[in-house]
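*Asks:*
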Amino acid sequence: KVADYLLDFGPEGGDGGGEIVAVGTPEEVAANPASWTGKYLKEVLDRHETRRKARVASLSAEPVKPARKVKARA
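Using our numbering, the letters of the sequence shown map in sequence onto residues 55 to 128.
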């Protein structure tokens, strides 16, 4: 995520655009059903959240046991 605030112009490109469709944080724009950009952002943000939850779940799994000291044999 690299933007703190978005201005989404549209609803289409070229002659079909020029109106402000959505403004706000990426999450706010993603929640706006009139925004084509928001529809794309919602998918991206949902994937990011799913990956974040998976990482958190893997970190809270069973702790790793410390290594044992073993003497090397010649």
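Glycine included, C-beta positions come from ideal geometry on N, C-alpha and C.
Assuming residue 100 is part of the alpha helix (DSSP H), what are its boundary residues?
*Replies:* Element bounds for residue 100: 90-113.
*Asks:* Given this structure, state the Cα-to-Cα distance separating residue 75 from residue 109, to the nearest angstrom.
*Replies:* Distance between the alpha carbons of residue 75 and residue 109 is about 34 angstroms.
*Asks:* Whose C-alpha, out of 79, 106 and 90, is nearest the C-alpha of residue 70?
*Replies:* Of 79, 106 and 90, the residue nearest in Cα terms is 90.
*Asks:* Can you name the residues that DSSP bridges to residue 62?
*Replies:* 76.
*Asks:* What is the rounded straight-line gap between the Cα of residue 77 and the Cα of residue 86?
*Replies:* Rounded to whole angstroms, residue 77 to residue 86 spans 9 angstroms at the Cα level.
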